[in-house]
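Written below as structure tokens is the structure these notes are about.
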């Protein structure tokens, strides 16, 4: 059947009229398929939610156990029917439980990526490419300037700074879901076995990761410790906390921020970030292009990000591409996706 009859954009989000469900709707709906637990994709108030067990658990932690009327857990690779439409969830590599939604009906297959990345992440299942007629891709970092360095190199900078400034607390701003746990795991893999201290907003989600088998090592609450206790230690906190009064409790802190946006000099300067860590949970430009080349879909639909640049690149590759211009999707911390592309970290 025509792809736009199977799935098309609406003010609520991507809608499948045949199955009468939405994918990552931005408003409460009767039936939702949720790709992952970030707040711009996973909202409370839907009548029924289909998602991976991990995503459902994340939503319960963030919104309370009554975040939806009905939950339908679907494991990776498991197919289910929603009003006659086949739906399957496969790994997206973004955060714990993140999935691409594979929607198939009458010989047409559409894959909605949600947010994704291609590189290895020790905290979640790796992206699984699925051949399809239509690939709906994010475009958060869809500009050639965004080429993320190896994550291990960035966390090595943090360890090196600790060795250089052993008297200073290293305060790392990281999104509470996904980024914080990933930074911690990469530090562990590089041999950092000391306790890592957490802002209170991080504790529940880190505990949930541990419940799902992600061993984050020794984690302690930052609250209740003196400046002297935390000198020379790593503290992980939401990005906003690194800029408010809460941060004053630490010993001459080195402020770091783990984000793909740290490629942009203006972002680091505006946030007074001393140690930018270019670590992203999204595909960079090269990964977006290589994914499109690998899948070679008949059509590419582009959403939430630098849509025009990716549409142009796909068109040059001979793939029919169009922007969906969906609204309501943004970074976890609410930052705009508009960037000063020319002002980058070398």
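Residue numbers (the numbering used here): 919 to 1264.
Yeah, the Cβ is synthetic: ideal placement off N, Cα and C, and Gly gets one too.
The structure presented is a predicted model; accordingly, all values stated were derived computationally and were not measured.
Candidates the options: which alpha carbon is nearest residue i's?
i            : options                : result
residue 1145 : 1077, 1065, 1171       : 1171
residue 935  : 1207, 1022, 1198, 1159 : 1022
residue 927  : 1114, 1030, 1059       : 1030
residue 1048 : 969, 1017, 1099        : 1017
residue 1080 : 1131, 1192, 1044, 967  : 1192
residue 1161 : 1142, 1186, 1135, 1062 : 1186
residue 1051 : 919, 962, 1113         : 919
residue 1065 : 1001, 953, 1181        : 1181
residue 1133 : 1041, 922, 951, 957    : 1041
residue 1220 : 1194, 1095, 1247       : 1247
residue 1149 : 1115, 1131, 1136       : 1115
residue 965  : 990, 957, 958          : 990
residue 1199 : 978, 1096, 1183, 1155  : 1096
residue 1057 : 1000, 1122, 1209       : 1209
residue 1027 : 1054, 1094, 944        : 1054
residue 1136 : 1089, 1102, 1227, 1038 : 1102
residue 1166 : 1195, 1241, 1089, 1138 : 1089
residue 962  : 971, 972, 976, 970     : 976
residue 1266 : 1228, 1197, 1194, 1188 : Summary: the structure shown does not reach residue 1266, with the chain confined to residues 919 through 1264, and so no result is reported for it.
residue 947  : 986, 974, 1085         : 986
residue 983  : 967, 1013, 1086, 1157  : 967
residue 1110 : 1073, 1038, 925        : 1073
residue 1128 : 1099, 1117, 1118       : 1099
With residue i as the anchor, note down where its alpha helix (DSSP H) starts and where it stops.
i            : result
residue 1050 : It is not in any alpha helix (DSSP H) - residue 1050 carries neither H nor E in the DSSP assignment.
residue 996  : That residue, residue 996, is in no alpha helix (DSSP H); it is neither H nor E in DSSP.
residue 1148 : 1145 to 1148
residue 921  : 921 to 924
Just mark residue i as buried or exposed, buried being the case when its beta carbon has 16 or more other beta carbons within 10 Å.
i            : result
residue 1108 : exposed
residue 1070 : exposed
residue 1250 : Annotation note: pLDDT 49 at residue 1250 (below 50); position unreliable, coordinate value reported separately. Counting Cβ neighbours within 10 Å, residue 1250 comes out buried, since at least 16 surround it.
residue 1252 : Residue placement at residue 1252 is flagged as unreliable, the pLDDT there being 40, under the threshold of 50; the coordinate-derived value follows with that caveat. Exposed, since its Cβ has fewer than 16 Cβ neighbours within 10 Å.
residue 932  : buried
residue 929  : exposed
residue 1035 : buried
residue 923  : exposed
residue 1082 : exposed
residue 1005 : buried
residue 996  : exposed
residue 1214 : exposed
residue 1120 : buried
residue 1151 : buried
residue 1212 : exposed
residue 1225 : buried
residue 1231 : buried
residue 1256 : Caution is warranted here: a pLDDT of 34 is assigned to residue 1256, below 50, making its placement in the model unreliable, and no coordinate value can be reported.
residue 988  : exposed
residue 1112 : exposed
residue 1125 : exposed
Regarding residue i and the ligand SAM, is the C-beta to nearest heavy atom distance less than 7 Å?
i            : result
residue 1034 : You won't find the ligand SAM in this model; it holds no ligand whatsoever.
On the DSSP letters alone, give me the boundaries of the beta strand (DSSP E) that residue i sits inside.
i            : result
residue 1004 : 1003 to 1009
residue 1182 : No beta strand (DSSP E) holds residue 1182; DSSP gives it neither H nor E.
residue 1129 : Counting along the chain, residue 1129 falls outside any beta strand (DSSP E), though it belongs to the alpha helix (DSSP H) covering 1118 to 1129.
residue 1140 : Neither: residue 1140 is in no beta strand (DSSP E) and is coded neither H nor E.
residue 1193 : 1193 to 1195
residue 941  : 939 to 941
Going by DSSP in three states, residue i sits in which element: helix, strand or coil?
i            : result
residue 983  : coil
residue 931  : strand
residue 1018 : strand
residue 1151 : coil
residue 1241 : strand
residue 1176 : strand
residue 989  : strand
residue 1247 : coil
residue 1261 : In this prediction, residue 1261 has a pLDDT of 34, which is less than 50 and means its spatial position is unreliable; what the coordinates show is noted afterwards. Residue 1261 falls in the coil class under three-state DSSP.
Beta-carbon of residue i versus every beta-carbon of chain B: anything under 8 Å?
i            : result
residue 1155 : Given the protein chain composition of this structure (a single chain), no chain B is represented.
query: What beta strand (DSSP E) runs, 3 residues minimum, are completely inside the region 946 to 978?
result: 949 to 951, 964 to 969
query: In chain order, which continuous runs of the alpha helix (DSSP H) of length 4 or greater are located wholly inside the region 1199 to 1238?
result: 1203 to 1213, 1225 to 1234
task: Identify every run of the beta strand (DSSP E) within the region 1025 to 1110, keeping only runs that are complete inside it and at least 3 residues long; order them along the chain.
output: 1026 to 1030, 1052 to 1057, 1088 to 1091
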